[in-house]
Amino acid sequence: ETGVTQSPTHLIKTRGQQVTLRCSSQSGHNTVSWYQQALGQGPQFIFQYYREEENGRGNFPPRFSGLQFPNYSSELNVNALELDDSALYLCASSTRDGIKEQYFGPGTRLTVT
Amino acid sequence: GDSVTQMEGPVTLSEEAFLTINCTYTATGYPSLFWYVQYPGEGLQLLLKATKADDKGSNKGFEATYRKETTSFHLEKGSVQVSDSAVYFCALSPPLAGGTSYGKLTFGQGTILTVHP
Numbered sequence: 016e017t018g019v020t021q022s023p024t025h026l027i028k029t030r031g032q033q034v035t036l037r038c039s040s041q042s043g044h045n046t047v048s049w050y051q052q053a054l055g056q057g058p059q060f061i062f063q064y065y066r067e068e069e070n071g072r073g074n075f076p077p078r079f080s081g082l083q084f085p086n087y088s089s090e091l092n093v094n095a096l097e098l099d100d101s102a103l104y105l106c107a108s109s110t111r112d113g114i115k116e117q118y119f120g121p122g123t124r125l126t127v128t
Numbered sequence: 522g523d524s525v526t527q528m529e530g531p532v533t534l535s536e537e538a539f540l541t542i543n544c545t546y547t548a549t550g551y552p553s554l555f556w557y558v559q560y561p562g563e564g565l566q567l568l569l570k571a572t573k574a575d576d577k578g579s580n581k582g583f584e585a586t587y588r589k590e591t592t593s594f595h596l597e598k599g600s601v602q603v604s605d606s607a608v609y610f611c612a613l614s615p616p617l618a619g620g621t622s623y624g625k626l627t628f629g630q631g632t633i634l635t636v637h638p
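Residue numbers (this note's numbering), protein chains in the order written: chain H, 16 to 128; chain S, 522 to 638.
The following block contains the structure:
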């Protein structure tokens with residue numbers, strides 16, 4: 016069974032640029048959630064995708080957007096990057112019925128300069 | 522809104538010492554409660570969970586009891602090992618099925634645990 020994978024592992028972007036992060040959910044999982052973890056803080060919920068539609072969103076501006084594909088993989092897109100967007104971005108997958116048991120990937124470390 | 526508060530860290534212990542990490546929460550109804558662990562350079566791993574009042578979650582020698590009356594979910598381990606060194610997060614998930622908060626995890630700020638030989 017393949018776990019949750021994310022790519023890339025690290026990346027560095029300049030303020031104002033756009034970035035796309037990718038997540039492959041665990042086999043059999045159809046729900047994906049994204050979290051932002053700033054240094055020294057707990058993860059903050061960005062949004063969740065189910066059946067290729069956004070199904071719940073945290074307190075993040077519209078420049079944070081996402082997609083879910085028919086194979087349940089997902090992308091997180093961030094436009095007009097700001098310095099405060101520097102963080103570890105975590106993807107978590109689950110089944111819909113087992114949504115309370117989410118499995119996290121290793122994360123993508125984004126640095127905005 | 523929902524919130525989770527963890528004890529201030531970091532926590533430094535000697536091997537075989539007793540561990541307690543306090544966690545309290547604010548939420549409506551009966552949320553599910555979780556402890557996650559994050560090892561250096563890795564994502565989060567679910568350590569244990571409890572879905573209703575008085576439930577005790579346990580795994581790898583760690584345990585926590587869901588206390589509705591004190592809105593707490595303190596993590597304990599009787600004898601820690603060096604390999605337990607990590608960051609521990611308490612989290613909750615609301616009880617609603619469906620709706621915009623479905624499956625959303627709210628985390629505490631994390632507690633760094635360092636165990637010395």
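A virtual CB, placed ideally from N, CA and C, is assigned to each residue, including glycine. Keep in mind that this is a model prediction, so the values were computed, not measured.
Residue-level contact check: Glu563(S) touches chain H, since one or more beta carbons of chain H fall below 7 Å from its beta carbon. In the DSSP assignment, the residues bridged to Val127(H) are Lys28(H). When DSSP states are grouped into helix, strand and coil, Ser604(S) belongs to the helix group. For Leu36(H), there are no neighbours in chain S by C-beta distance under 7 Å, as the nearest C-beta there is about 13 Å away.
Residues of chain H whose Cβ lies closer than 8 Å to the Cβ of Thr526(S) do not exist, since the nearest Cβ in that chain is about 11 Å away. In terms of CA proximity to Ser614(S), Pro552(S) leads the group Pro552(S), Leu540(S), Cys544(S) and Glu536(S). Three or more Cβ pairs closer than 8 Å define a contact, and the stretch 588-597 of chain S meets that threshold against the stretch 542-551 of chain S. Between Phe610(S) and Gly582(S), the C-beta gap is not smaller than 7 Å, which leaves the two residues out of contact. For Thr635(S), same chain residues with a beta-carbon under 8 Å away, outside a window of 5 residues either side, are Pro531, Val532, Thr533, Leu534 and Ser606 in chain order. Ile27(H) and Leu98(H) have their C-alpha atoms roughly 11 Å apart. Secondary structure note for Ser40(H): it is in no beta strand (DSSP E), with a DSSP letter that is neither H nor E. With respect to the 7 Å criterion, Gln41(H) and Val19(H) are classified as neighbours on the basis of their beta carbons. Within 9 Å of the CB of Ser109(H), the CB atoms of chain S belong to Gly624, in sequence order along the chain. Gln630(S) belongs to the set of residues whose beta carbon lies under 7 Å from a beta carbon in chain H.
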